[in-house]
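K.L.:
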Amino acid sequence: KELPIILHHHERFDGNGYPHKLKGDIIPYGARILAIAEAYDVMMSNTTYRNAGSAEDALAEIKGGAGSQFDPHMVNAFIKVIRNGVKA
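Terminal number for the sequence shown in the working numbering: 89, no gaps in between.
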């Protein structure tokens with residue numbers, strides 16, 4: 002169940018990702034979520050080659066990838082959750 006999520010989280014919404022060049026809704030739902038979460042985590046983390054950025058800069062970069070790298074509907078939902086938190 003988890004394997005397709007892990008396998009396909011580097012697919013791009015426009016079909017230019019890997020390993021299978023899946024496009025749009027063909028990419029497993031969980032993989033589309035993981036792609037956004039991983040990108041945000043990388044941008045918000047200090048690494049040996051870059052310092053962590055701000056949340057707003059990370060969200061702007063993710064928003065810039067909506068429709069090409071990321072599912073645009075999930076990008077909008079992710080941005081709302083990060084900015085407003087999860088409401089019960």
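Note that beta-carbon positions come from the ideal geometry of N, C-alpha and C, so glycine has one too.
(1) Cα-Cα, which of ALA59, GLY68, ALA78 is closest to GLY16?
(2) With 16 other CB atoms within 10 Å as the buried threshold, where does GLY18 fall?
(3) To which residues of the same chain is VAL76 closer than 7 angstroms at the C-beta, ignoring the five residues directly before and after it?
(4) Just list the residues that DSSP pairs PHE71 with in beta bridges.
(5) For ALA56 and SER46, which I take to be in contact (beta-carbon distance under 8 angstroms), what is that distance rounded to the nearest angstrom?
(6) Can you check whether the CB of ILE28 is closer than 8 angstroms to the CB of GLU12?
P.N.:
On the basis of the data shown:
(1) GLY68
(2) buried
(3) ILE37, ILE63, LYS64, ALA67
(4) ALA67
(5) Not a contact, Cβ separation roughly 12 angstroms.
(6) yes
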